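Right, one structure below, let's go through it.
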Amino acid sequence: MATLSITIDGIEIHIPRGGTILDAAREAGVYIPTLCAHPALPSVEGMKSDAYVFRGEKRIENDGPDADWDGCGVCAVEAD
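Numbering-wise (this note's numbering), the sequence shown opens with residue 2 and increments by one.
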């Protein structure tokens with residue numbers, strides 16, 4: 002299988018093509034915070050966003066409730 006060489010925080014890592022940055026970071030012992038990528042949670046593929054959420058007593062409407070949910074963004078990384 003073809004591999005890619007990536008560098009995370011100065012650590013060179015070789016990963017299989019098609020792997021994720023998160024998997025590569027975990028393999029190298031580099032911590033990237035996540036909420037939705039916990040191995041005990043089901044996949045988010047096909048999940049729909051909620052129509053609204055609450056922040057305290059304030060109801061916040063979702064401007065795209067029919068969109069597929071693409072995650073919370075906590076694990077967002079910068080790629081060069």
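Note that CB positions come from ideal geometry on N, CA and C, so glycine has one too. Remember, it's a predicted structure, so these values are computed and weren't measured experimentally.
| Check | Outcome |
| --- | --- |
| Touch check for the segment 72-80 and the segment 32-43: three-plus C-beta pairs under 8 Å? | yes |
| Tell me whether P43 counts as near the ligand GDP, meaning its Cβ is closer than 7 Å to at least one heavy atom of that ligand. | No copy of the ligand GDP occurs in the structure displayed, which carries no ligand at all. |
| Whose C-alpha, out of I16, H39, P40, A41, is nearest the C-alpha of A29? | I16 |
| So within the segment 7-40, which uninterrupted beta strand (DSSP E) runs reach at least 3 residues, ignoring any that extend past its ends? | 12-17 |
| Just mark A3 as buried or exposed, buried being the case when its beta carbon has 16 or more other beta carbons within 10 Å. | exposed |
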